[in-house]
């Protein structure tokens, strides 16, 4: 593995990095789609989804990708994807109409399992507790966050917005930036982040039936600002990232860490280099964050961040069952994060 790592470092396909022992290998680029949906099932299988109705799947760790434009949905932006097996997946659209499609044959055919044609509907993402129970969330209508629940793997959906009654303030909404504004955890826990004129973290302990709201000090106050992505290793320890996507090099108040489920927040001692639309735990201490101005990594739970690359990505995810870390972004760009765990890191000392 180490030999392969260093061969890749000098292959010319890997972006230069500042964080020692970390690099990015581009697997694919050049497709007319902006990828924001990404799910890495294991160390061989990953799916992506994006604009212009495109979905792609690899079953050989990114060596080849099977690209398919969903028939009759060539103008739809599929902002999030949930994968259950090599052949089974769900995709959800952003904008109106809101559409959820399901495949059981590796993306060769798709069946519509939900449609909402209201002009104001806009879904931001979805996440699942297991292969049956899941939750999708969207921007508020009449001040109420839109919530859909499923207990059969997305074959049918129920609208629980009215009973959950998650009220958002004027100008507060979610971001469909990477599908990681919602995170489910064992025991019925789920977190959802909002942004805009107000940015908060919403927490449910009963599969989305009732909620509590917690303020977050991330930059906020206009439609382009707030929390864009969250990652939690349990119901207490988590990291939020975001910023201002219209001023994506501004780094102040763009990352915060919590150890009590969002009751209190700690800013990093060294933050990311600007706006980040996705954050993911690699292990209990290591995280990676991606955005339009680059990729950063933390080895101490989010308190210090170092640059990996200046390359633009929208989303980063780690394998559900494995260690493979994949990034995706504009122009159909898909890459893998290479980590030499034996490399001595000299960039994370406290300063």
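In mature numbering (1 follows the signal peptide of the UniProt record, and there is no 0), the protein residues as written are -19 to -1, 1 to 332.
Idealized CB from N, CA, C, for every residue including glycine.
- The C-beta of residue 86 has fewer than 16 other C-beta atoms within 10 Å across all chains shown, which makes the residue exposed.
- Taken through DSSP and simplified to helix, strand or coil, residue 256 comes out as coil.
- Contact fails between the segment 206 to 214 and the segment 133 to 143, because fewer than three Cβ pairs, one in each stretch, are under 8 Å apart.
- A check of alpha carbon separations from residue 98 across 200, 76 and 321 identifies 76 as the nearest.
- In this structure, residue 120 and residue 154 form a Cβ contact; the two beta carbons are roughly 4 Å apart against a cut-off of 8 Å.
- Per DSSP, the unbroken beta strand (DSSP E) holding residue 115 starts and ends at 115 to 122.
- If you check the CB distance, residue 183 and residue 195 come in under 9 Å.
- Counting only unbroken stretches of 3 or more residues, the beta strand (DSSP E) elements lying wholly within the segment 165 to 245 are 170 to 174, 181 to 185, 193 to 196, 206 to 213, 219 to 225 and 236 to 239, in sequence order.
- For residue 175 and residue 124, the gap between their C-alpha atoms comes out near 13 Å.
- In this structure, DSSP gives residue 10 a state outside helix and strand, which the three-state scheme calls coil.
- When secondary structure is reduced to three states using DSSP, residue 145 falls in the helix class.
- Here the segment 279 to 297 lies against the segment 248 to 257, with 3 or more beta-carbon pairs under 8 Å apart.
- Collapsing the DSSP output to three states places residue 264 in coil.
- No Cβ-Cβ contact shorter than 9 Å links residue 28 with residue 43.
- Going by DSSP, residue 102 is part of no beta strand (DSSP E) at all; its letter is neither H nor E.
- For residue 56, same chain residues with a beta-carbon under 8 Å away, outside a window of 5 residues either side, are 33 and 34 in chain order.
- In the DSSP assignment, residue 54 forms no beta bridge with any residue.
- Beta-bridge partners assigned by DSSP to residue 297: 308.
- Taking each of 299, 248 and 301 in turn and checking the Cα distance to residue 285, the smallest one comes out for 248.
- In this structure, the beta-carbon distance from residue 81 to residue 90 does not fall below 9 Å.
- Closest option to residue 115, judged by alpha-carbon separation, among 51, 71 and 157: 71.
- When DSSP states are grouped into helix, strand and coil, residue 68 belongs to the coil group.
- In the DSSP assignment, residue 20 falls within the unbroken beta strand (DSSP E) covering 16 to 21.
- Taking a contact as a CB-CB distance under 8 Å, the pair residue 201 and residue 179 counts as one, their CB atoms being some 6 Å apart.
- Excluding its 5 nearest sequence neighbours in each direction, residue 23 has C-beta neighbours in its own chain below 8 Å: 300, 301, 302, 303 and 305, listed in chain order.
- 9 Å or more divides the Cβ of residue 295 from the Cβ of residue 204.
- In the structure shown, the three-state DSSP call for residue 313 is helix.
- Remark: C-beta atoms of residue 31 and residue 105 do not approach each other more closely than 9 Å.
- Looking at the DSSP output, residue 63 sits in a beta bridge with 71.
- Residues of the same chain with a CB within less than 6 Å of the CB of residue 50, apart from the 5 flanking positions on each side, are 34 and 35 in chain order.
- For residue 32, the three-state secondary structure derived from DSSP is helix.
- Around the C-beta of residue 63, 16 or more other C-beta atoms lie within 10 Å, and the residue is accordingly described as buried.
- Distance from the CA of residue 16 to the CA of residue 197, rounded to the nearest whole angstrom, comes to 27 Å.
- In the three-state scheme derived from DSSP, where H, G and I count as helix and E and B as strand, residue 132 is classed as coil.
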